[in-house]
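The sequence shown begins at 2 in my numbering and counts up one residue at a time. Comments concern the structure below.
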Amino acid sequence: MTLRIANCSGFYGDRLSAAREMVEGGPIDVLTGDWLAELTMLILAGNRLKGRPGYAPTFLRQLEDVLGPCLDKSIKIVANAGGLDPAGCAEAVHDLATRLGLSPTIAHITGDDLTGHPLDLTNADTGERLAATPLTANAYLGGRPIAAALSAGADVVVTGRVTDAALVTGPGIWRYGWGPDDLDPLAGSVVAGHIIECGCQATGGNYAFFQDVPDLAHCGFPLAELRADGSAVITKHPGTGGLVSVGTVTAQLVYELGSPRYLGPDVVARFDTIRLSSDGPDRVLVSGVRGEPPPDTLKVAVNYLAGYRNTMTLVLTGLDVEAKARAAEEALWARIPRESFDEVDVTLTDSGLLRITVMDADPHRAGRAFSSAVVETGLASYPGFYALTPPGSASPYGVYWPVLVPASEVRPRVFINGKELPPSAVEAHAAHASGGTGTVETPDPTRAPSPPGTTPDTRSTVRVPLGRVAGARSGDKGGNANLGVWTDTQERYDWLAAYLTPEALRSLLPALAPHRIDRYELPNLKALNFVIHGLLGRGVAASPRMDPQAKALGEELRAREVDLPPHLRG
């Protein structure tokens with residue numbers, strides 16, 4: 002017997018029809034969705050300042066399609082769409098149900114919001130101390146409050162900030178009764194949650210080998226058949242487009258990953274113990290995951306308003322592109338000194354785009370004063386001058402700032418139809434693990450495994466793009482970027498592990514040269530994971546990069562040519 006947990010949203014803005022597709026496409030027990038990327042909390046904070054809801058209203062649009070069928074089929078609904086206002090979202094669900102003539106039991110979970118609480122505002126990544134006043138501060142809760150809500154009879158569970166994997170771990174605890182010391186099953190559920198929480202990225206979306214994915218335009222969303230031992234089969238509904246394979250699952254496993262010791266509030270999941278195997282067409286078995294007790298701290302996502310930003314992009318064509326870029330800058334800074342801004346970023350892309358971003362506490366200086374100065378150079382600059390946008394005003398921007406808080410200081414609260422569950426009912430599910438199997442390592446974020454001592458044989462090689470033998474997927478981790486690279490055979494992995502050191506990565510992607518790079522090996526997945534520290538500056542909302550979430554970094558790497566032994570080319 003398995004618990005079939007389906008995903009219908011990987012981000013705020015995902016396909017609205019997905020909830021209906023998952024409910025109608027085949028049997029499921031739980032419908033989940035993830036709306037809360039790190040950037041989303043800042044977006045919701047901005048909405049709230051403008052008098053709009055602090056939750057994701059698209060969840061209500063999806064729920065309107067499926068609430069009745071889910072109640073008829075006894076499908077539980079678990080979503081983190083509550084954002085900054087889980088109570089308000091639950092009330093909106095109640096109003097929707099009333100309008101539809103339905104009477105579900107609705108739970109909402111709070112306790113994650115630590116805004117205004119005394120916090121140690123030391124950045125968990127950089128060690129810097131925050132002087133600004135936080136706009137939001139939300140701890141990442143785990144799956145046990147969700148399990149408490151389901152055990153109390155909830156049909157719909159709305160949460161605020163929980164870990165992405167908690168949407169799967171919570172139902173697993175509810176169904177199988179895992180205690181805090183059931184570390185391996187908990188770790189398996191975390192891995193399953195990590196795989197399906199980004200929607201179609203587990204079923205062929207954004208896949209390096211996208212040509213192998215059938216009917217990508219109608220890609221089905223993923224579901225996990227979670228078992229009592231924590232193993233799971235990742236699959237999708239029959240008849241939908243897309244692909245579930247060892248490759249597509251591996252791609253998602255290395256997405257937004259740091260160390261193989263994946264820390265969470267319920268368990269530390271060892272990603273270096275994961276084993277993948279085919280279980281039939283569009284079915285991949287995930288097994289063997291080991292768990293360790295969770296840390297005694299929780300991560301807190303702090304956001305603060307840092308100032309105003311503006312970007313103008315000039316197009317450079319023809320000959321002497323670099324000289325034209327210098328001329329454009331000289332003309333601009335002659336009108337408004339570069340030193341007058343708090344921060345300036347100038348990037349010249351390979352395709353001839355000169356992207357100039359300024360940041361400042363003064364909205365006028367970063368706004369029309371800057372953008373109009375750019376336009377004023379139009380007849381006194383390089384030949385072929387034109388910009389991609391007219392002059393415009395500056396926009397406020399925020400910064401994501403991760404900090405840690407003792408787990409004992411965060412108390413999740415569960416409400417059923419507006420009435421709070423007794424603390425004892427929640428604490429029965431929320432007890433902290435006191436130990437378990439395996440050895441607990443002390444996390445050391447400054448240390449990464451050493452590269453292998455062997456070097457690749459270059460006596461007889463061919464020059465080919467790395468992407469012909471390796472896949473990659475990249476993403477953001479606050480101000481850091483992650484870059485996962487994998488291949489399909491042991492022989493290719495042995496070569497990749499020997500060749501792709503941090504130094505080789507810097508050589509292939511020179512823009513990474515100024516940054517510290519940690520490398521981690523995942524031999525069970527035939528994969529390597531790199532964490533590039535500081536590449537995204539202060540995070541996606543503040544990053545001046547054209548690709549502020551490093552989504553394309555993996556594809557940039559795959560396009561670089563490497564010296565490959567001919568027999569590995571295939």
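The C-beta atom is built at its ideal place from N, Cα and C for all residues, glycine as well.
What is the rounded straight-line gap between the Cα of residue i and the Cα of residue j?
{"i": "Leu50", "j": "Thr134", "result": "15 Å"}
{"i": "Pro295", "j": "Arg145", "result": "13 Å"}
{"i": "Thr123", "j": "Val303", "result": "11 Å"}
{"i": "Arg291", "j": "Ala542", "result": "35 Å"}
{"i": "Ala395", "j": "Gly14", "result": "24 Å"}
{"i": "Phe371", "j": "Asp165", "result": "40 Å"}
{"i": "Leu537", "j": "Lys552", "result": "11 Å"}
{"i": "Ala432", "j": "Asp564", "result": "For Ala432, the predicted structure reports a pLDDT of 47, less than 50, and the residue's modelled location is therefore unreliable. A value from the coordinates is still provided. Between Ala432 and Asp564, the C-alpha separation is close to 53 Å."}
{"i": "Tyr305", "j": "Ile174", "result": "35 Å"}
{"i": "Ala270", "j": "Glu522", "result": "15 Å"}
{"i": "Ile235", "j": "Gly479", "result": "28 Å"}
{"i": "Leu258", "j": "Ala19", "result": "26 Å"}
{"i": "Val94", "j": "Asp156", "result": "11 Å"}
{"i": "Glu39", "j": "Val316", "result": "32 Å"}
{"i": "Ala148", "j": "Arg464", "result": "53 Å"}
{"i": "Arg539", "j": "Thr116", "result": "20 Å"}
{"i": "Asn207", "j": "Asn81", "result": "23 Å"}
{"i": "Ala326", "j": "Leu349", "result": "8 Å"}
{"i": "Asn48", "j": "Glu504", "result": "43 Å"}
{"i": "Gly205", "j": "Pro338", "result": "48 Å"}
{"i": "Ser255", "j": "Tyr141", "result": "The identity of residue 255 in the sequence shown is Val, whereas the question assumes Ser. Spanning the two alpha carbons is a distance of roughly 21 Å."}
{"i": "Arg284", "j": "Asn525", "result": "18 Å"}
{"i": "His109", "j": "Asp351", "result": "49 Å"}
{"i": "Val406", "j": "Arg517", "result": "26 Å"}
DSSP on residue i, reduced to helix/strand/coil?
{"i": "Met42", "result": "helix"}
{"i": "Tyr500", "result": "helix"}
{"i": "Thr251", "result": "helix"}
{"i": "Pro466", "result": "strand"}
{"i": "Val214", "result": "coil"}
{"i": "Arg53", "result": "coil"}
{"i": "Ser396", "result": "strand"}
{"i": "Arg327", "result": "helix"}
{"i": "Ala80", "result": "strand"}
{"i": "Tyr305", "result": "strand"}
{"i": "Ile275", "result": "coil"}
{"i": "Ala408", "result": "helix"}
{"i": "Trp36", "result": "coil"}
{"i": "Asn530", "result": "strand"}
{"i": "Val510", "result": "According to the sequence shown, residue 510 is Leu rather than Val. Looking at Leu510 - three-state DSSP - the assignment turns out to be coil, as it is neither helix nor strand."}
{"i": "Thr488", "result": "coil"}
{"i": "Arg448", "result": "At Arg448, the pLDDT of 43 sits below 50, so the modelled position is not reliable; the number obtained from the coordinates is stated separately. Reduced to three states, the DSSP call for Arg448 is coil."}
{"i": "Ala505", "result": "helix"}
If I follow the unbroken beta strand (DSSP E) through residue i, where does it start and stop?
{"i": "Ala362", "result": "Counting along the chain, Ala362 falls outside any beta strand (DSSP E), and DSSP gives it neither H nor E."}
{"i": "Ala579", "result": "Nothing can be reported for residue 579: it is not among the residues displayed for the chain, which extend from 2 to 571."}
{"i": "Arg561", "result": "Segment: none, Arg561 is in no beta strand (DSSP E) and carries neither H nor E."}
{"i": "Leu97", "result": "Not the beta strand (DSSP E): Leu97 falls in the alpha helix (DSSP H), residues Pro87 to Leu101."}
{"i": "Pro416", "result": "At residue 416 the sequence reads Phe, which differs from the Pro that was named. That run of the beta strand (DSSP E) goes Arg414 to Ile417."}
{"i": "Pro223", "result": "Pro223 to Leu227"}
{"i": "Ala473", "result": "Gly472 to Lys478"}
{"i": "Arg5", "result": "Leu4 to Asn8"}
{"i": "Ser288", "result": "Val285 to Ser288"}
{"i": "Glu340", "result": "Premise fails: Glu340 is in no beta strand (DSSP E) and is neither H nor E."}
Does any residue of chain C bring its CB to less than 9 Å from the CB of residue i?
{"i": "Phe210", "result": "Here there is only one protein chain, and chain C is not present."}
Go ahead and label residue i buried or exposed: buried means 16 or more other beta carbons lie within 10 angstroms of its beta carbon, across all protein chains shown.
{"i": "Leu1", "result": "Given a span of 2 to 571 for the chain in the structure shown, any question on residue 1 remains unanswerable."}
{"i": "Gly180", "result": "exposed"}
{"i": "Met23", "result": "buried"}
{"i": "Leu17", "result": "exposed"}
{"i": "Ala329", "result": "buried"}
{"i": "Leu380", "result": "exposed"}
{"i": "Ala560", "result": "exposed"}
{"i": "Glu557", "result": "buried"}
{"i": "Arg176", "result": "buried"}
{"i": "Ala514", "result": "exposed"}
{"i": "Glu340", "result": "exposed"}
{"i": "Lys237", "result": "buried"}
{"i": "Pro119", "result": "exposed"}
{"i": "Pro105", "result": "buried"}
{"i": "Gly385", "result": "exposed"}
Going by DSSP, what residue range makes up the alpha helix (DSSP H) through residue i?
{"i": "Val375", "result": "Arg369 to Glu377"}
{"i": "Ile197", "result": "Leu184 to Ile197"}
{"i": "Gly69", "result": "Pro58 to Lys74"}
{"i": "Arg21", "result": "Ala19 to Glu25"}
ask   = What residue ranges within the region 109 to 166 form continuous beta strand (DSSP E) runs of no fewer than 3 residues, ordered along the chain?
value = 137 to 140 and 157 to 159
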